[in-house]
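Student:
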Amino acid sequence: MGAIADSRIARAGQRAAGDRPSLLLRGLRKAYADVVAVDGVDLEVARGECFGLLGPNGAGKTTTIEICEGLTVPDAGSVEILGLNWQTGAKELRQRIGIQLQETQFPEKLKVVEVLRLFRSFFRRGITVEESIRIAQLEEKRNARVGSLSGGQKQRLAMACALVSDPELLFLDEPTTGLDPQARRHLWDLVDGLKQAGRAIILTTHYMEEAERLCDRVAIMDHGKIIALGTPQQLIASVGGEHIVEFAVSGQAHGNGRVDAGALTAIPGVQSHRVDASIHQLLVSELHTAVPRIIAALGEQGLHLSELRTHSATLDDVFVRLTGRNLRDE
Amino acid sequence: MSRLSESSLFQLTAVRFLLFLREPEAVFWIFIFPILLAVGLGIAFRNRPPDVLPVGATTPQLTQALAAGKGLKATTFDQIAGTHALAVGDILLLAIQNPGGVVYKYDDTNPDARIARLLADRAVQAAAGRRDAVRAANELVHETGSRYIDFVVPGLLGMNLMGSAMWGLGFSIVEARQKKLLKRMVASPMPRWQYLAGYVLSRLAMLVIEVVVFLGFARLVFGVPFRGSLWQLGILCVLTSLAFSALGLLVASRAKTMEAVSGLMNLVMLPMWILSGVFFSASRFPAIIQPAVRALPLTAAIDTMRGNMLQGTTLAQMAAPLAILTAWLIVPFAVSLRIFRWR
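Here the protein sequences line up with chains L and R, keeping their order.
Position in the first sequence (from 1) plus 37 gives the number in the working numbering.
Position in the second sequence (from 1) plus 1307 gives the number in the working numbering.
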């Protein structure tokens, strides 16, 4: 078998281009008839990094990732992947990257193992079909038809198709969209395992908790632009507080019933205030000292607390802070 | 696994073949339906044995004389009942015994009745002792190849090759496009030509089964003749199937929905079902549209198959229709490769 020699050559190639990033985007731009989908994106993803493109639907994530995958030609800008580009190295690149697209439906009447055998046949090197079935945890469904799989199992099959070539760089476009929470967690574990193995992964998602859980670094996209970039911790810290206090007031005891936002933000440790659907949100850095003062301040304004809860700040709060909109509103 | 079965072209072909076999409706339309159609037409247009003509007579002696004649079935009636039977069509002729001889009562505008008149008179005269002046003997001929079933089998074969190639390619390509499978395929290193070649190769594998089953059936059950060389017939089938595969590819090369491709398919195939001489000779259409009729791929396919099977014509003698078929293979294929939408 030439597989060992092949992989040695591939590894040597990897070393030669080893100082190059997995992915390098410069000034990427793509417009469709009436909308600018990607508007000047620069991005660099290191070897072995798990990178997340986060944003609401229509933010330009899928267009960006499809340009990276060589499926869409950008109007302007350059794409470099594993030290290669699509103009001169397309054949080589197709062999070395793994791709999972949004909403691919495999033929319902094919068996899992047949789909994987087909995809394995396209690649010069890679893992065995059985190995890919094992990684995607589809052993029990090996001989089941695609039509009989659940949503989560279909996504794991799509993942297995992307993995069967043992790619150096893996693109996952919204891998958990439409899955129930359990199937989502199952898929996260799978991606975790791939990450541990040191594979570079680029994924898009509009679930903040998914990006927080999986990604080393995250770029938040909105209207075709990257509006924030960093580790999830950095991004959360950048909003200036680690905690969110949410409360609602009802029936005034006395006074005019209005919440005096100025009085609240004057409390030490309270960074900002906003109201969304009559829920007040405060961004707070010193939870233990701030909360008693907040309650006291509301009491002084003659307001009745009907709800009070706190949670650690998430990427959702980062998005809200940056855009003034909720991610899920889109 | 062997090296062959690991190759992408083999896998693409095998997957296509498996998907076809797992589609019961497709199996029915391609393998079962043409046989049912051939059986139906074979029964409807079978060559019947010479009819036995029903006649009546007014006396038992006369009935006996008539029954002795070949091709008649005689019954005894009284004159009133016999006239009634004649009027309602139960018998074609009533022979009435008169003192002076025999009177034949029949409708001379009905050909069967005129034949009955001739046969009845011959039987009556023979019974009365007339002898033939000249000895005559018969030699009966039932020519295969001149029956309707012989004519229609090559037509059905051509129609079936057209349908299976066009539906087979058109539907599954558009389905793959609609389900974003095409996009996923081109995102892999799969050579694009192999994807289309996989369709064509699996089509040829099915073609062998399809043609052998159908023609084998026509041969065994109806004794349809094969006067030309079988390998040349094989070449004709392959060429026909490839030409319609190319046409199917063209029809499916841009369509995004099943509805769109169904409409296009019917638009392309309907004129050929009517004009190309599947069920009756295409030469019945007026001379003015003959050039258009001749230029259709199905006309060319059926003409060459009929030529091969019924007249034993060689490929060299059918250069014109073969050139038409080849053009229908090359042009749509070249065009569809240029305009094919992969996503």
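Positions of the beta carbon are idealized from the N, C-alpha and C atoms, including for glycine.
#1: If contact means a Cβ-Cβ distance below 7 Å, which residues of the region 1478 to 1508 of chain R contact chain L?
#2: Leu147(L) touches chain R at which residues, Cβ-Cβ below 9 Å?
#3: Between which two residues does the alpha helix (DSSP H) carrying Lys233(L) extend?
#4: Between which two residues does the alpha helix (DSSP H) carrying Met1572(R) extend?
#5: What's the call for Phe1335(R), buried or exposed, on a 16-neighbour Cβ count within 10 Å?
#6: Give the range of the beta strand (DSSP E) segment to which Asn1405(R) is assigned.
#7: Can you list, in chain order, the residues of its chain with a C-beta nearer than 7 Å to that of Ser349(L)? Leave out the 5 residues immediately preceding and following it.
#8: Would you mind sorting Gln271(L) into buried or exposed? The rule is 16 or more other CB atoms within 10 Å of its CB.
#9: So Glu1313(R) contacts chain L; which residues on that side make the cut at Cβ distance below 9 Å?
#10: Can you pull the chain L residues whose beta carbon is under 7 Å from the beta carbon of Gln1318(R), in chain order?
#11: State buried or exposed for Leu1571(R), treating a residue as buried only when at least 16 other CB atoms are found within 10 Å of its CB.
#12: Touching or not, the region 1532 to 1545 of chain R and the region 1480 to 1488 of chain R, by the rule of three or more beta carbon pairs under 8 Å?
#13: With a floor of 4 residues, list each alpha helix (DSSP H) that falls wholly inside the region 1477 to 1548 of chain R, ordered by position along the chain.
#14: Could you please tell me which residues of the region 133 to 145 of chain L, in chain order, have their CB closer than 7 Å to any CB of chain R?
#15: Using CA coordinates, which residue listed in Tyr1506(R), Asp1419(R), Leu1400(R) is at the minimum distance from Lys1412(R)?
#16: Below 8 Å on C-beta distance, what does Leu108(L) contact in chain R?
#17: What are the complete beta strand (DSSP E) segments, minimum 3 residues, inside the region 160 to 210 of chain L?
#18: Taking 8 Å as the threshold (beta carbon to beta carbon), is Glu168(L) in contact with chain R?
#19: Straight-line CA distance for Asp217(L) to Arg236(L)?
#20: Is there at least one Cβ from chain R nearer than 8 Å to Glu151(L)'s Cβ?
#21: Against chain R, which members of the region 85 to 105 of chain L pass a CB distance test of less than 8 Å?
#22: Can you find the residues in the same chain that come closer than 6 Å, C-beta to C-beta, to Pro1639(R), ignoring five residues on each side of it along the sequence?
#23: Checking 8 Å against the spacing of the C-beta atoms, do Leu209(L) and Val152(L) come in under that value?
#24: Mapping the DSSP letters down to three states, classify Asp259(L) as helix, strand or coil.
#25: Identify whether Leu1636(R) lies in helix, strand or coil by the three-state DSSP scheme.
#26: Note down, one range per segment and in chain order, each alpha helix (DSSP H) of at least 4 residues found wholly within the region 107 to 157 of chain L.
#27: So is Phe1327(R) buried or exposed if we call it buried at 16+ other beta carbons inside 10 Å?
#28: Drop a sphere of 10 angstroms on the beta-carbon of Ile1500(R), count the other beta-carbons inside from all chains shown, and report buried for 16 or more, exposed for fewer.
#29: Against Arg179(L), what residues of chain R qualify as contacts under a CB-to-CB distance less than 7 Å, listed in chain order?
#30: Going by DSSP in three states, Ala1381(R) sits in which element: helix, strand or coil?
#31: Under a Cβ-count criterion, where at least 16 other Cβ atoms within 10 Å of its own Cβ denotes burial, should Phe1587(R) be classed as buried or exposed?
#32: Which residue or residues does DSSP assign as beta-bridge partners of Gly339(L)?
#33: Note down, in chain order, every chain R residue with its Cβ under 9 Å from the Cβ of Lys128(L).
#34: How far does the beta strand (DSSP E) with Ile18(L) in it extend, from its first residue to its last?
#35: When DSSP labels each residue in this structure, what does Ser287(L) get in the three-state scheme?
#36: Between the Cα of Met1466(R) and those of Glu1482(R), Val1431(R), Phe1521(R), spot the shortest distance and give me the residue it belongs to.
Tutor: In terms of the structure at hand:
#1: Lys1486, Lys1487, Leu1488, Lys1490, Arg1491, Ala1494, Ser1495, Pro1496, Met1497
#2: The residue you call residue 147(L) lines up with position 110 of the first sequence. Result: Val1322, Leu1325, Leu1326, Arg1329.
#3: For the purposes of this step, residue 233(L) is identified with residue 196 of the first sequence, where counting begins at 1. In the sequence as displayed, the identity of residue 233(L) is Gln instead of Lys. Taken as a continuous stretch (DSSP letters only), the alpha helix (DSSP H) holding Gln233(L) covers 218 to 233.
#4: Walking along the second sequence from the start, residue 1572(R) turns up at place 265. Per DSSP, Met1572(R) belongs to the alpha helix (DSSP H) from 1565 to 1582.
#5: For the purposes of this step, residue 1335(R) is identified with residue 28 of the second sequence, where counting begins at 1. Burial call: exposed.
#6: Translated into positions along the second sequence, residue 1405(R) becomes position 98. 1400 to 1405 is the extent of the beta strand (DSSP E) around Asn1405(R).
#7: Looking up residue 349(L) in the first sequence gives position 312. Cβ neighbours of Ser349(L) beyond the five flanking positions: Glu279, His280.
#8: Locating residue 271(L) in the first sequence gives position 234, where the first residue counts as 1. Counting Cβ neighbours within 10 Å, Gln271(L) comes out exposed, since fewer than 16 surround it.
#9: Reading the second sequence from its first residue, position 6 is the one you call residue 1313(R). Under the 9 Å cutoff, chain L gives Arg154, Arg157, Ser158.
#10: Working through the second sequence from its first residue, we reach residue 1318(R) at position 11. Per Cβ cutoff of 7 Å: Arg154, Leu155, Ser158.
#11: The sequence position of residue 1571(R) within the second sequence is 264, counting from 1. So Leu1571(R) counts as buried.
#12: no
#13: 1488 to 1493, 1499 to 1529
#14: Ile136, Leu138, Glu140, Thr141, Gln142, Phe143, Pro144
#15: Numbered from its first residue, the second sequence carries residue 1412(R) at position 105. If we check each option's Cα against that of Lys1412(R), Leu1400(R) comes out closest.
#16: As a working note, residue 108(L) is residue 71 in the first sequence. Going along chain R in sequence order, the residues near Leu108(L) (Cβ under 8 Å) are Lys1490, Val1493, Ala1494, Arg1650.
#17: 206 to 210
#18: Residue 168(L) sits at position 131 when you count from the first residue of the first sequence. No, Glu168(L) does not count as interfacial toward chain R.
#19: The residue given as residue 217(L) occupies position 180 in the first sequence. The residue given as residue 236(L) occupies position 199 in the first sequence. If I take the Cα positions, the gap works out to 26 Å.
#20: The count along the first sequence starts at 1 and reaches residue 151(L) at position 114. So, interface residue.
#21: none
#22: Stepping through the second sequence from its first residue, residue 1639(R) is reached at position 332. Ala1553, Leu1554, Leu1557.
#23: In the first sequence, counting from the first residue as 1, residue 209(L) sits at position 172. In the first sequence, counting from the first residue as 1, residue 152(L) sits at position 115. In this structure, Val152(L) does not lie closer than 8 Å to Leu209(L) by Cβ.
#24: Taking the first residue of the first sequence as 1, we reach residue 259(L) at position 222. It is a strand residue.
#25: Here the question's residue 1636(R) lines up with position 329 in the second sequence. Correct three-state label for Leu1636(R): helix.
#26: 123 to 133, 149 to 157
#27: Start at 1 with the first residue of the second sequence, and residue 1327(R) comes out as number 20. Label assigned to Phe1327(R): buried.
#28: The residue you call residue 1500(R) lines up with position 193 of the second sequence. For clarity, residue 1500(R) is Trp in the given sequence; the question names Ile instead. The residue in question, Trp1500(R), is exposed, as its Cβ has fewer than 16 Cβ neighbours within 10 Å.
#29: Within the first sequence, the letter at position 142 stands for residue 179(L). Simply none; closest approach about 15 Å.
#30: On the second sequence, residue 1381(R) is found 74 positions in, with the first residue counted as 1. Reduced to three states, the DSSP call for Ala1381(R) is strand.
#31: By one-based count along the second sequence, residue 1587(R) stands at place 280. Exposed.
#32: Indexing the first sequence from 1 puts residue 339(L) at position 302. Note: Gly339(L) sits in no beta bridge, so no partner.
#33: If you number the first sequence from 1, residue 128(L) lands on position 91. Residues of chain R passing the Cβ test: Pro1496.
#34: In this structure chain L extends from 38 to 367, so residue 18(L) is not present and cannot be described.
#35: Position 250 of the first sequence, counted from the start, is the residue given in the question as residue 287(L). Ser287(L) falls in the strand class under three-state DSSP.
#36: Taking the first residue of the second sequence as position 1, residue 1466(R) is located at position 159. Of Glu1482(R), Val1431(R), Phe1521(R), the residue nearest in Cα terms is Phe1521(R).
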